[in-house]
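Enquirer: My questions all concern the structure below.
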């Protein structure tokens, strides 16, 4: 036994060393089988060959001493297998469909006695039982991509058909192509999925739940998804490995052209629109695409046999214009812009009195004298458009300006693939993909979401591009090398025309006031401004990053070596990743005013617009410096694995993956993090204390005795302590550049088996277990650390005037900061599975399995500076200037000088257990279908890296519960059916009655778990802590029998009560479930043959075919009055519904 293992083990070590020296993740697959004679004995040295049908590329080898053969590193596609041996008839097996990363068993090839010249031809079965591999995987074949419905034309939306996959809503129900994917696989977080294009990782550094490159659906040959328990070659992270395999050219020219159309006139109206009598909203989507592929034939005879060089080109266009919601806003009137408020009235048509802050009396005539007006304040008011809606009978005084932006949001996708057969043993493949997302509008545009009117019309543009070059070399029949070099870039940013920029500058607006840091505002923009107290007030908002520029770049290099050594298929490889991000950070670099009607402001005039006219502001903030992001992350991973056919029936898969991850760092070392070990209470700042001066509440400096306005109580007292006490800076004081210690080397072992129970490839028992590691999500975990103390401070000036701004001393209140756990723990997950597969006939395979995952060291965020429970109730914490109220929160924190201190630490865990049943029939005899049912339970402490947890009550009791993505039952059925041809003689009748296809997707999904929140009408303090709220008191089972549920009552609302003062309630994280999904999508296709290789196809697609109202939201917030009575009349009622029936029509021309 040991001697049998010694040779492959030594070979594996040599192979791993060779792979490392070559300088790993591939899309190729393997075909395995064995050759036997009529009596079942092995046929040794039989000649076995496979031919890729589309390109004609062939591979040959001989069966070994056990009659076995393994073709490794094959490109996905359809193959023809030929076996010949002296004394036996030749056998040809056709229509063998190999998917990416698949080990496909073709079973025992039984030869018949006879002459080699005699040929026996057989056709492969629809779906093969997986007797040669242990991974759980699923494939979206080209026939499904072609035949199933995808409203957004996003192949990723079909992932929800697979077992154990939960779609959080970002892909399956969107109206347009989206590069994000909110999917949860086998209980893993959404940021743990790896997406590849032809083997190259396309996850950007910014976050792991989208892709830098998005492919048009007609550019994809198949989507192969490794769900769990996959071999060591894969597993950059613990979630799914999603392989997008692009289409390639073939020996013949093929292509298509399509037009898809959606329009509101085809659709049903939304339930709530019907309920309110509102007409259907504008809904118009048009999509054009085309592609062509074939051989590259050049003058001079190059590739005359059409077996050398192939190409495939695809483009898709979405010329979209999307209407934004109508904005009903209030802007200053013409009189108000001159300081005349004689016509300014409130909602009750009562004159708004404008008070002179000098005399505390109303200005005569309610008009501010010209010599008191502030020119810069008026300039800001004049930036707004003039009122265009003055019918108070309709507006009730709530708005005077109406605007609706129609944004231009085109999308374009392009894809080129080239395949070059250098020699029969050496091939090259190149893929290029590009995704362009451009959005132009005054609001509703990405990176301009803070605008509530068209202050500046911006154009946001993202262009994701990916390049991958792959080489495959057959060094010998048993030794294959695969190398891949990939590069992705995703530049994005926003811009505006010169005229748009100019009219928002201080010079153009006539704003002459200065700012603290003009160098941070190189374009000299006007400051942002809000006008609190004005109903539906328009605001001034310029995104701080404008002109935003960001570029994400990633380099991938992989190399794999595969060696077939008897019953062992040995594989080793390496993957090197280098990631870069450069961007300008966010912030109010032009400054930000609040002109709110603030009664605490001694200069307040009683109206926000008159405050602005007089130059009086409530607050002004401006960051101390501009932030630029220069993030870096590098990783090296390598693996070694052995797929060992230990016996004819048993295959063992043994492997190990090594991870060396360099933590994210900033090349400029501009990161900071709170560290408890650096915090020194003796260096803590002191706060301005509450007091009374001549009976008036005020603040007092604890050291100098200087008094301040009451609004500054709790601010940091000038000249005391260190405002950055406890803050570590990257690369300083012994802290590494990444603020955390290096992760070191991580080892992820893998073990799997597949057992052919009866030796007939009809029944398989399979299972496995593996360790996986995940990378922190940069956007969630690191951007926060680039814009806090001491890198950037955000002082605030209170209660002053624009004219005296620079002479005002800004007050700094305790700020919230973030910290990183310095320990080197990486989030890790153990995935495991055990399943049985059975061929039940009808070319259908059923799989029943138990699948689970255990997450450990998962990231969460814990507040190190919470206010203790009951602190507000203690007499010692009463405000001496107002004893009936507690001190401000800043005085009650254990870490003086800070608000929340949120520590990101790898301390969470998760658990997922499921029973999964699938049935699959591939496209044979005009019918294919897939069925999946998942019965599962997902529990965790935190769903995302940034989810906060509380430690003021027992951690497990308070935080551990059902994950937001838990769905008890998920049932999916998809099918494509080419209807039988009606035997008719008439050509017209044949055109009408033949060549029809039906397809559909049926979904039944349990609702998501929901928690019950509450509010009180009297703002009752329940817990005595501003950082720890209470939960409702659960009195009993709130589940309402289905027969008793109504629109307004979906659960027993009487089962929830207000918690008593001084308690935290008794409920778990969730108490009920929301509405589920009950949906039928169906399409009808009709082909019109033109000639043998051409056809025109008409499509009609119906989403929510039966227009079944599927509610998606509930009012889950109870509201209690002072006596504890629940007074929210909508509590328990439906609040939202999923989309109504939507129709899409299409024409497609194939050649």
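Residue numbers (mature numbering (1 follows the signal peptide of the UniProt record, and there is no 0)): -24 to -1, 1 to 1127. Think of the CB as a built atom: it goes at the ideal place given N, C-alpha and C, for glycine as much as any other residue. These numbers were taken from a predicted model, which means no experiment stands behind them.
Per DSSP, residue 263 forms a beta bridge with which residues?
Expert: 236
Enquirer: Please go through the same chain and pick out, in chain order, the residues whose beta-carbon is closer than 6 Å to the beta-carbon of residue 644, but skip the five residues on each side of it.
Expert: Exclusion of the five residues before and after residue 644 leaves 606 as the residues of its chain whose Cβ lies within less than 6 Å of its Cβ.
Enquirer: Assign residue 942 to one of two classes, buried (16 or more other C-beta atoms within 10 Å of its C-beta) or exposed (fewer than that).
Expert: With 16 or more other CB atoms across the displayed protein chains lying within 10 angstroms of its CB, residue 942 is buried.
Enquirer: Does DSSP put residue 735 in a helix, a strand or coil?
Expert: coil
Enquirer: Which residues does DSSP list as the beta-bridge partners of residue 948?
Expert: 908, 979
Enquirer: Just list the beta strand (DSSP E) runs in the stretch 14 to 51, keeping only unbroken ones of 3 residues or longer that don't cross its boundaries, in chain order.
Expert: 23 to 28, 34 to 38, 44 to 50
Enquirer: Please identify the residue among 342, 211, 36, 76 whose C-alpha is closest to the C-alpha of residue 751.
Expert: 211
Enquirer: Could you tell me if residue 316 is buried or exposed, where buried requires 16 or more neighbouring beta carbons within 10 angstroms of its beta carbon?
Expert: buried
Enquirer: Out of curiosity, what's the CA-to-CA distance linking residue 286 and residue 408?
Expert: Rounded to whole angstroms, the separation of the alpha carbons of residue 408 and residue 286 is 14 Å.
Enquirer: Measure from the alpha carbon of residue 23 to the alpha carbon of each residue in 1010, 513, 92, then state which is nearest.
Expert: 92
Enquirer: Nearest to residue 377 by CA position, among 422, 431, 307, 1081, is which residue?
Expert: 307
Enquirer: DSSP puts residue 610 in a beta bridge; with which residues?
Expert: 554, 638
Enquirer: Just to confirm the assignment, what range does the beta strand (DSSP E) spanning residue 5 have?
Expert: Boundaries of the beta strand (DSSP E) harbouring residue 5: 5 to 12, taken from the DSSP string.
Enquirer: Are the CB atoms of residue 543 and residue 107 within a distance shorter than 7 Å?
Expert: no
Enquirer: State yes or no: is the C-beta of residue 341 within less than 7 Å of the C-beta of residue 320?
Expert: no
Enquirer: Quick check: the Cα distance between residue 1115 and residue 158, rounded to an integer number of angstroms?
Expert: 19 Å
Enquirer: If we ignore side chains and look at the alpha-carbon of each, how far apart do residue 768 and residue 946 end up?
Expert: 48 Å
Enquirer: Secondary structure at residue 759, three-state DSSP: helix, strand or coil?
Expert: helix
Enquirer: Could you pull the DSSP bridge partners for residue 219 from this structure?
Expert: BP columns for residue 219 point to 172, 200.
Enquirer: For residue 730, which residues in the same chain have their Cβ closer than 8 Å to its Cβ, ignoring the five residues on either side in sequence?
Expert: 106, 107, 108, 109, 110, 626, 627, 629, 740, 741, 742
Enquirer: Can you find at least 3 beta carbon pairs, one from the stretch 354 to 371 and one from the stretch 265 to 283, that sit closer than 8 Å?
Expert: no
Enquirer: What residue range does the alpha helix (DSSP H) around residue 120 cover?
Expert: 118 to 123
Enquirer: Going by C-alpha to C-alpha distance, which of 267, 152, 28 sits closest to residue 238?
Expert: 152
Enquirer: Report the partner residues of residue 312 according to the DSSP bridge assignment.
Expert: Secondary-structure assignment with DSSP links residue 312 through no beta bridge to anything.
Enquirer: In chain order, which beta strand (DSSP E) runs of at least 3 residues are fully inside the stretch 68 to 152?
Expert: 79 to 86, 95 to 99, 112 to 116, 141 to 143
Enquirer: How many angstroms separate the CA atom of residue 621 from the CA atom of residue 25?
Expert: 21 Å
Enquirer: With C-beta atoms as the reference, is residue 1011 less than 7 Å away from residue 991?
Expert: no
Enquirer: With distances taken from CA atoms, which of 1009, 309, 332 is nearest residue 345?
Expert: 332
Enquirer: Comparing alpha-carbon positions, which option in 256, 662, 251, 715 lies nearest residue 1142?
Expert: Here the chain has residues from -24 to 1127 only, and residue 1142 is not among them.
Enquirer: Work out the CA separation of residue 510 and residue 572 for me, nearest whole Å.
Expert: 8 Å
Enquirer: Compute the Euclidean distance between the alpha carbons of residue 1084 and residue 602, then round it to the nearest angstrom.
Expert: Each residue's alpha carbon lies about 52 Å from the other.
Enquirer: Run through DSSP, which three-state label would residue 352 get?
Expert: helix
Enquirer: Contact check, residue 676 vs residue 696 under 8 Å by CB: the rounded distance?
Expert: With 8 Å as the limit, residue 676 and residue 696 do not qualify as a contact, their Cβ atoms being about 13 Å apart.
Enquirer: Between which two residues does the beta strand (DSSP E) holding residue 583 run?
Expert: Note, residue 583: premise wrong, no beta strand (DSSP E); not H, not E.
Enquirer: Over what stretch of residues does the beta strand (DSSP E) that includes residue 438 continue unbroken?
Expert: 434 to 452
Enquirer: Following the continuous beta strand (DSSP E) through residue 289, name the residue where it begins and the one where it ends.
Expert: 285 to 294
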